[in-house]
Each structure stands twice: as structure tokens, then as C-alpha cells.
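S.K.: Shown below is the structure under consideration.
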Amino acid sequence: MSEKDQYKNRIELLQGTLDMLILQTLQWGPQHGYGIVQALRLRSGDVLQVETGSLYPALHRLERQGWVQSEWKQSESKQRARYYRITARGKKQLASDLGRWERIVEAIGSVMYVKPEESES
Amino acid sequence: MKWFPGFGFQRRKRELQEEIDAHLQMAIADRVARGEAEETARRAAAREFGNIPLVQDVTRDMWGQGGLEQLGRDIRYALRQLRKSPGFTIAATAMLTVAICANSTVFSWIDGTMLRPIPGARDTGDLVTLQRGERNFSPTPPFSYLDYRDLREQNHTFAGMLAYHNDWIALTGGAQPERVYIANVSAYFFDVLGIKPALGRFFLPEEETRRGAVPEVILSSSLWKTRYAADPAIVGKSIEVSRHPLTVIGVAPEGFIGAAPGLRDDLWVTLDPLGNDGWRMSHRDSDWLILIGRLRPGVSRGQAAQDLDTQMHHIVVAYPDQHLGDNRITLDPMWRSPFGVNGLMSATLPILLAFAALVLLLTCANVATLTLVRFVSRRRELAIRQSLGANRMQLVRQMVMEGALLSIVAGAVALLLTLWTSKSFGWFFPATSNPLVLNGTMDHEVVIGIVLFSLLSGMLCGALPAWRSSHAPAVEVLKAESASISGGSRNRKLLSGLVVAQIALSLPLLLCSGLFLRTLKNLAGANPGFEQDHILTASVGLSIAGYSRDETMVIRHKILDRVSALPGVKVASLTNWIPMTLIQKKSDAYPEGYAPRPHESLQVLMVDVSPRYFESLHIPVLEGREFTPDDKDKAPMVVIVDQTAAQHYWPGQDPLGKRLRVVGDGPLFTVVGVVRNSTHTFVNESPEPIVYRSIFQEGGVETTVQVETEGNPVDLAPAVENAIHSIDTRLPVFDVRPMRESTQMASTFAVLQSTLAGMFALIGLVLAVTGIYGVVAYRTQMRTHEIGIRMALGASRVDVLRLVLVQGLWLTGIGLALGLAFALGLTRFIARLLYGIGANDPVTVASVVMLLGAMSLLACYLPAHRAMRRNPVTAIREL
């Protein structure tokens, strides 16, 4: 059962949000896969732990869609790594993702924070 | 496993590996920096990363429709899946191979006969063949030379029109005369067909009527090779045909065998090469030519027929006495040309191809069932892939690829098999005196056909289950317990539908094969009206070898005397025709005082026979007498007619003493006898009038000795041949065989139909029964747990048996009902091929329904029986 639940959680993270998170991370500068995982973990205060099994397929998908570009570079620690950079189209996509995300948050929020008497009337 | 190892793909694969390695290295470095031991850090980083091959696999899925690379990956994936279940793979491939091979074999026969009516000719689709008068499956040559000339020169719709006439003749000059099939051909014969000479030249247009010059001949490629050792200097040499010297002017290209589909010409000469056939060339009532025209571009067959009808009408008005009877002209495309064999082929082969297509559909339904059952057990794997980001299109593609792989392999094997089975067509045709060249061909069209059959079956086998599976929501599948995996209601419906389809498709196959088998039995048991069991026939090439008419008559008498004297011979007679060999000898008959109805054909069967012919065949003479040796040259001309002719021409009168002409202005023949009707061509023919002339009064070209023997006719063959050769060693004797063998020709197509339909029906039965067995067994297995609980709660074994049987029987019942409706709708298409049995014969219908029902019952009973005998305790434990 536990294995199944794991998959389930990952799907929920996947649906729409992972792409946006990756694009947002790349807004701050080109980054490699490991760097993206670390950045997301740090920024979210250790809450978001992105699975590599989701990250790399997502990166390669974004690249195919032309939202990111990649190149091989040396890292500060002399490690050759593949760096991803957000493209102009990627920025547009990020803006639209963000807009949708805000609408969802707002919508969910307005459902969740309704006062009890209002919902009963 | 290197499938399409594109450089790009390999490079990206390497880069992904490097990218993952870098990720791990950085993770380890971070951990080491935080103070972990190197070994611990390595293990932790690897654990954190997860399943590397799976990540790689799913990531590669993202690389998308990179053409060949994508295809290569789909193929690899499909191969991996197929290798996991070898039983399914082998069974499905074998079934598809058989089904595709059945289709491609029949198609290769169609291709070799109907689709390539004249090998070597250009654009045979523009060629049409002309019939005059009543349409007939095997008409005699319908046109006279002068009518042909008028039609050729006055029509407005043909780019060209050729005429030919076939006959047997002998190549003399060698040690033994060799019988060959010759064609007299008109001007433009080769031009209309679009044939170019391999050596020398073809006839010039002015040679059609030019007389007196040295006669010229063109050789077929095969004759040139076999008899003249492919002599490159053959052009200009002289060969002897019927004791006349002819000059070879050309050799036809390899493969070209003449204009009559399925018949082989060896030699071509002009219409009147020796200048001694002036009568045929100058009389409009001498019909001896077969016409083929090439339509002008843009002209339809209907327009051309109308044009020719108008021209023919002018001719009939100008020469009414030479054109009594029906003169309407009809045109046929070459694929169903009645001259040659295609008329018969086109009645049989398309029906057999339809049967084969049913078998293919049935097989696809069966393989789809198996695939679906397999996919149900793979739904978890598919759902996981989907949740990792593989889109539905990819999943569908991968599943379709499995079906496609199976059918490609099956198609490839079928292709190899068809190389051999296409040649099996010839086996169905018994030894015959016709120069038949019949066989399937294996050319690019058949290969394209096989590819299409494979694609179709691949789509049906793979796409159906794929479409079904791609609709399963991933989360639901992952959550689902195994029990409900087995029985999603939509899945169950599709499986049931496939089983019903298999039963419904196999029933028409069984019914048709049953009807064909009964037809064959009826044909074999039918009385043809003449004795054929103790008869030996031998043909003697008298006139083809160049004997004069007077010599022929003398030799005929001698043959009769010598053969009659042989020990073991009961009765010997002569004839120029053997019944039920697909050969028809026809001529116009003009009974004195008989007024034909408008458009009535005056053609009757007309054969020449000797005294004691009817005695040897046991055909009773009902009135008057048989021929006697005195019915010869100078005596009064006499004929004998059969009952049909007597009733047709002289209803209610005594036919004896009545008179008829054979040629419009020829001599009058007096009827001296009436014989009982007998079969002429097919057992199931409608009776046609026949007129017998005395062979000693008519100098017809063929002579066949017909001997009624005491014992086995084969034993007498050498003695008969020797007796004939004792008259003249140079006499060509051929086609020496028991009559029973020759008359098999009449049931060839019935044998062909019932053999193939029987084979197809057997395949259909096996597929349908294994199909229903597979589904019922699978479902029962899935319900093992439930059955165990039921039994633990007190259900008896009979209850369990009933539970399992009922669902199988429901499917069978629905399948039988649908199949019966389908079958009864289809049998009318084969009605005209049946004999002695109705297309919806209740006994046959009942027996095939019972057979299929019983087999299905058995197929359901086996899993039911197994379920019944399970120990409830182990059944519950098993999940």
C-alpha cells in the first residue's frame, strides 16, 4: 500500500505544479538538475522534495517544448553538468502558469475560508 | 538489441547517463562536505535518487516523436513484452500467419488469372472482349472475318481491334509429330496487345490477306527454347507445320502466351496462311474469330458497346440471311472474359477470397481476445507508466506496435509460404486436352496484398485492446484490487463481444463449406446420362498432321476396325468431342420451316460421332436408329438429335424425317434418330439441344477413339496406341486416358470450392472454439476466489457448474443467432454454385449450428468442470 500512496502523492505534485516550480527556479539563473532539487528544497523550507523520477522527465519535456534550453558547463566545483536556462517562451509559459495557479489558490481559498453560517444559508 | 541505433539517440542516451552521474556526484560531494563518510554518502545518494533505469526510461519517453528513434524504442519495448509471454506470441503469430496466407494464396490465384489476363500485354484494363448473341460462360468464336473487318474499320470507340482463332496442329518434320496449339491472328494482333518481338518481326498489316507468298510463322518463346534450343538464328529458317513449310519471321517475348486468358499458344500464323481457307475468309455466316478491342482513352465500355451494336445493326440489315438469330453485342473486361478460363475463375475465386477474409477477421478477433486478456494483467504496469508522465498516445502506440510486430512477422512468414502455395492452384486441374496455363503468381501486387492484410490484422489485433486500455484511468487502476481488475464491466463487454463475433463469423464459413461438400457429393453421385467408367479415349491428330480429307476418312475406318478387333474391347467408336471436359462444340442449326423468336440464338451443340457411339456410352436411342457405316460421304446426309432438340424444334411432332441445315445455304440433313438427354458440360447445366452428325460424312478436324473395355481401361491404353500406330507410325496419338479422368474437369471448381471452404471452415471452427474456451477459462480463473467462497457457503458443485456454463452458453447462443442471420444472408451469393441442395438447406443449417453449439458447449464445460472440482479452501487462499 505504501508504494501505491507514494506514487499517488507524486502525481498530485506533478499535475501542473512541477513545471511551474522548475521554470520559476530557472528565473534566478541557469541551473543543473541537482541544483534545482536543492533550490526547491531550500526555498520551500524542506517541504518540497522533488523526486528525480519526476524531475528529469519534466526537464526533458520542457526542453522539447522549447521552454528551457540546456548546455554542458563546469560547475564551481569543477563538475561537468548540464545547465538548463529558461527561454523567452518559457517565461511566457511561466507567467500563464502562475496566473492559473493564483486563480486556483484563490478559488480554493474562497471555498476553504467561507464562514460557516454563510455556507449554511 | 540494436534496433535503429541512430547516432542522435545513442548520444542523448549517453548524455542522460552523464547528467545522472553528475547529479549523483554532486549529491555525494555535498554529503561528504557535510561530514558523511564517502561510502555512506554514495549509498544514501543512490537511495535518494531512486530507480535509475526507470528514471532513464521515463525520461527518454519525453524525447518525443523523434521518428526512427521513437519507433525503435517502441519496437524494443514491444519485443520485450512479447518475449515475456512466448506462448501468446507463438500462438498469435501462427494463427495470423495461417489467416494471412489463406488470403494471399487465393489472392495470388486471382492475380495470376483474373488480374493478369494476358501476361506481357500493355494496360489490359483497356481491353474488352466481344460476345455476340446470348451471353454464355463458354461461347464459341462469335464473328466472321468480314464482320470483323467492318467492325474494326467502322467503329468510333476503339483504338484497335484484333481477331484470333485457336486450333491444334502438329509440328511435323521431326521423328515424331508434336502437337502444338496455334493461333490464326489478324493484322495488328500484337500491336493492339502492345507486344514487341524478342527476335525478328511480327506480321505486317498487309499480310492479313496477302496470299501466295511463303507462309510465315511466329514462335512462342517457350517453343523456341524447347524445340529449337533457343537458336539465335532461327529467323528466316523454315519449319514444317502439318507437312507445309513455313518461314519463321519472329519470336514472341518471354511470358507472352497469347490472347486467350489461361490458354497457351505455341505458334502464330496469319488468318489464312496457306491460302486454302477462302471460304472462311469470304463468308459472313462462318463464325470463327474471337475479337478483342482496345478502348480509346476516355471511352467507357457502355459507350463502346452501343457503338458496336449500331455498327452490327448496319451489318445485319445489309446481310440479313447470314445473321439470323441474336446479334446483340456485349463487352466484357478481360478479367471475366468468357473466352479462356477467366469466366469460370471470376465466378469462384472472389467468393473464396471473401471466405479467406472472414477467416482473417475471425483470427483478428481471436488474437484481440488474447491480447486483451494479457493487457488486463498488465494494466498496473501501464498505469504506472502513465502516472510517470507517459501520455496516452504513447501507450496506445506501444500497444499497437505489439499487434503490428505480430502481424509483420506473420506477414513475412505468410509471404514465404505463399511462394509455395500460390503454385498449388495447378493441382486442382486434372489432366486435360486444353492447353491450360493456370497458376497463381507471386508478384509485387501479391506482396502489396500481404502487406495490406498484415496492416489490417495488426490494427485489429493491437488497436482494439489499446483503445480499450488507454481509457482506463490510471489512479483507479492503481487503487483497484485484483478482483476488480478482472472484471471491469467495459472490459467484460468487449471480451464477450469478441467471443460472440468469433462464433458469428465462423458459422457462415461452416455453413458454406457444408453446402459445398453436399454439392460435391451430389455431383459425384449424379447420373450424367452416359457410361464413363469403362471407357478409354485416345485422340489421333489426323488433320492436324496434314492428312487430306480422303486420307482421314480411310484412316478413320482403319482405326475403328483395328481397335475393335483388340481383345478386351467391347465396343469401339469415334467422336470429335468428349463430354464434361469444358469443351463445347457449337454451330448454328437452321431447321426447315422453323421460325426463330426475335433474338433467339440458333447455336446448338454439334458433334460428329461414328456408328456405335451411343452403344459404347450406353445412351439409349429412343426413336429411329444409330448411325451405320453406310452413313458416309456419298450417302444422304443424316443427323441424330437429343430429346431437348427434338422438343425445341418440333414440339408435338415426330422428329424423324425432319430436316435441318448447318450452314445457311449448305446441304439438308435428315433426322434419323432421337437419343436420350445426357450431360454435356456440367452436371448442373440446363439442358441444351445437341445435334450429332456422322463422322464419316463430316471431315471435322478432330478424331478421338472411344473404347468400351471389359476391365480397367488403363490396361488397354498401350494396345490401343499400338493398333493406331500399326496403321501409320507417324500418326500423333495423345490424351490417352480413361474417360472418368477427363470428365473430372466438370467438377474441378466444385472440388476447388469445397476443399478451400472446408479448410477455412475448419480453421474457423478451431478459432471460435478456442476463443470461447479461452475467455470462459480466463474468467473462471479470475473468479476462483469468489467460487471458493460460494462453495464454502454451501453452493453445490452443480451450482458452480451452472454458474460457469451459463455465461458461456449465453455467449454461444447470441453468437449462433447472429451468425445464423449473417450466414443465411450470405448463402445466396453461392446459390448458383450449388447443385442438388438449396442455399438455406435446413438439414445443413441444423447440422452446422449443432456442431458449433456442441463444440462451444464442450469448450465451456472444461473450465466449468475444473472450477467445480476445486477445493474451496485452496480456492479462497488463491488470490
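Line by line, the protein sequences are chains E and L.
Counting from 1, position 91 in the first sequence corresponds to residue 90 in numbering that gives the first Met the number 0; the numbering is continuous, with no gaps.
Counting from 1, position 355 in the second sequence corresponds to residue 354 in numbering that gives the first Met the number 0; the numbering is continuous, with no gaps.
Just so it is clear, CB atoms sit at the ideal spot from N, CA and C, and this is done for glycine as well.
Give a yes or no on whether the minimum CB-CB distance between M458 (chain L) and chain E is below 8 Å.
M.R.: M458 (chain L) does not count as touching chain E.
S.K.: Using alpha carbons as the reference points, say which of L:N165, L:S693, L:T703 lies closest to L288 (chain L).
M.R.: For the residues L:N165, L:S693, L:T703, the minimum Cα distance to L288 (chain L) belongs to L:N165.
S.K.: Any C-beta of chain E sitting closer than 8 Å to the C-beta of D331 (chain L)?
M.R.: By this cut-off, D331 (chain L) is not an interface position.
S.K.: Just confirm the distance between the C-beta atoms of P196 (chain L) and G249 (chain L), as a whole number of angstroms; I'd bet it's less than 8 Å.
M.R.: About 4 Å; that satisfies the 8 Å criterion.
S.K.: Can you pull the chain E neighbours of Q780 (chain L), defined as C-beta to C-beta under 7 Å?
M.R.: Under the 7 Å cutoff, chain E gives no residues; its nearest Cβ is about 24 Å from Q780 (chain L).
S.K.: So with Cβ pairs under 8 Å, would you call A80 (chain E) a contact of chain L?
M.R.: Closer than 8 Å: yes.
S.K.: For H22 (chain L), list the residues DSSP reports as bridge partners.
M.R.: Per DSSP, none; premise fails for H22 (chain L).
S.K.: Who are the neighbours of G86 (chain L) on chain E, taking C-beta pairs under 8 Å?
M.R.: Simply none; closest approach about 29 Å.
S.K.: Run down chain E in chain order and give the residues with a C-beta less than 7 Å from the C-beta of F48 (chain L).
M.R.: By Cβ distance, chain E contributes T51.
S.K.: In angstroms, rounded to a whole number, what distance separates the CA positions of S725 (chain L) and V673 (chain L)?
M.R.: If I take the Cα positions, the gap works out to 36 Å.
S.K.: Name the residues in the segment 39-65 of chain E whose C-beta lies less than 7 Å from a C-beta of chain L; which are they?
M.R.: From the segment 39-65 of chain E, only E50, T51, G52, Y55, P56, H59, R60, R63 have a Cβ closer than 7 Å to chain L.
S.K.: Could you please give the first and the last residue of the uninterrupted alpha helix (DSSP H) stretch that includes T309 (chain L)?
M.R.: Per DSSP, T309 (chain L) belongs to the alpha helix (DSSP H) from 300-317.
S.K.: For E480 (chain L), does the count of other Cβ atoms within 10 angstroms reach 16, so buried, or fall short, so exposed?
M.R.: With a pLDDT of only 43 at E480 (chain L), under the threshold of 50, the placement of this residue in the model should not be trusted; the figure read from the coordinates follows. Its Cβ having fewer than 16 others within 10 Å, E480 (chain L) is exposed.
S.K.: Is the beta carbon of V768 (chain L) closer than 8 Å to that of S855 (chain L)?
M.R.: A contact, by the Cβ cut-off of 8 Å.
S.K.: Using a Cβ cut-off of 7 Å, pull out every chain L residue sitting near G108 (chain E), in sequence order please.
M.R.: Those within 7 Å of G108 (chain E) in chain L number zero; the least Cβ separation is about 25 Å.
S.K.: Can you say whether N50 (chain L) is buried or exposed, counting buried as having 16 or more other CB atoms within 10 angstroms of its CB?
M.R.: The residue in question, N50 (chain L), is exposed, as its Cβ has fewer than 16 Cβ neighbours within 10 Å.
S.K.: Using a cut-off of 9 Å between C-beta atoms, extract the partners of E35 (chain L) located in chain E.
M.R.: The premise fails here: E35 (chain L) is roughly 16 Å from chain E at the closest Cβ pair, so nothing lies under 9 Å.
S.K.: Ends of the beta strand (DSSP E) at V250 (chain L)?
M.R.: Per DSSP, V250 (chain L) belongs to the beta strand (DSSP E) from 243-250.
S.K.: Leaving out the 5 sequence neighbours to the left and right, which residues in its chain are closer than 6 Å to L861 (chain L) when beta-carbon positions are compared?
M.R.: If we look at L861 (chain L) and ignore the five residues flanking it on each side, it has no Cβ neighbours.
S.K.: Taking the continuous alpha helix (DSSP H) assigned at P332 (chain L), which residues delimit it?
M.R.: Here P332 (chain L) belongs to no alpha helix (DSSP H); instead the beta strand (DSSP E) covers 328-332.
S.K.: What residues match up with W62 (chain L) in a beta bridge as DSSP calls it?
M.R.: Beta-bridge pairing links W62 (chain L) to no other residue.
S.K.: Can you list, in chain order, the residues of its chain whose CB lies under 6 Å from that of S572 (chain L), leaving out five sequence neighbours each side?
M.R.: S609, R611, Y612, S615, Q705.
S.K.: Name the residue from L:D230, L:L404, L:D122 whose alpha carbon lies nearest to the alpha carbon of R75 (chain L).
M.R.: The candidate whose alpha carbon is nearest that of R75 (chain L) is L:L404.
S.K.: Assuming contact is defined by CB atoms lying nearer than 8 Å, are V606 (chain L) and W576 (chain L) in contact in what I supplied?
M.R.: Result yes, Cβ atoms of V606 (chain L) and W576 (chain L) sit closer than 8 Å.
S.K.: Comparing C-alpha positions only, which one of L:N183, L:F202, L:D532 sits nearest to P737 (chain L)?
M.R.: Ranking the options by Cα distance to P737 (chain L), first place goes to L:D532.
S.K.: Are the segment 657-672 of chain L and the segment 639-646 of chain L touching by the rule of at least three beta carbon pairs closer than 8 Å?
M.R.: Taking 8 Å as the limit for Cβ pairs, the verdict is that the segment 639-646 of chain L does touch the segment 657-672 of chain L.
S.K.: Using a Cβ-Cβ cut-off of less than 9 Å, list which residues of the segment 17-40 of chain E approach chain L; keep chain order.
M.R.: Within the segment 17-40 of chain E, the qualifying residues are H31, G32, Y33, G34, V36, Q37.
S.K.: Per DSSP, what kind of secondary structure is E133 (chain L) in: helix, strand or coil?
M.R.: Here E133 (chain L) sits in coil by DSSP.
S.K.: Can you tell me where the alpha helix (DSSP H) with R658 (chain L) in it begins and where it stops?
M.R.: No alpha helix (DSSP H) holds R658 (chain L); the beta strand (DSSP E) holding it covers 658-660.
S.K.: What number of angstroms, rounded off, separates the C-alpha of A258 (chain L) from the C-alpha of T123 (chain L)?
M.R.: Each residue's Cα considered, the two are about 11 Å apart.
S.K.: Identify each residue in the segment 10-24 of chain L for which the Cβ-Cβ distance to at least one residue of chain E is less than 8 Å, and report them in chain order.
M.R.: Correct list: E14, L15, E17, E18, I19, A21, H22, Q24.
S.K.: From I771 (chain L) to G457 (chain L), what does the alpha carbon distance come to, in whole angstroms?
M.R.: Each residue's alpha carbon lies about 21 Å from the other.
S.K.: Express the C-alpha separation of G710 (chain L) and G567 (chain L) in angstroms, rounding to a whole number.
M.R.: Taking the straight line joining both Cα atoms gives about 7 Å.
S.K.: Cβ of V31 (chain L) less than 8 Å from any chain E Cβ?
M.R.: Not closer than 8 Å to any Cβ of chain E, the Cβ of V31 (chain L) fails to qualify, so no.
S.K.: Answer yes if the segment 367-374 of chain L comes into contact with the segment 420-434 of chain L, meaning at least three C-beta pairs across the two stretches below 8 Å, and no otherwise.
M.R.: No contact exists between the segment 420-434 of chain L and the segment 367-374 of chain L.
S.K.: Just tell me which of L:A382, L:I407, L:S406 has its CA closest to the CA of V395 (chain L).
M.R.: Looking at the Cα atoms, L:A382 is the closest of the given residues.
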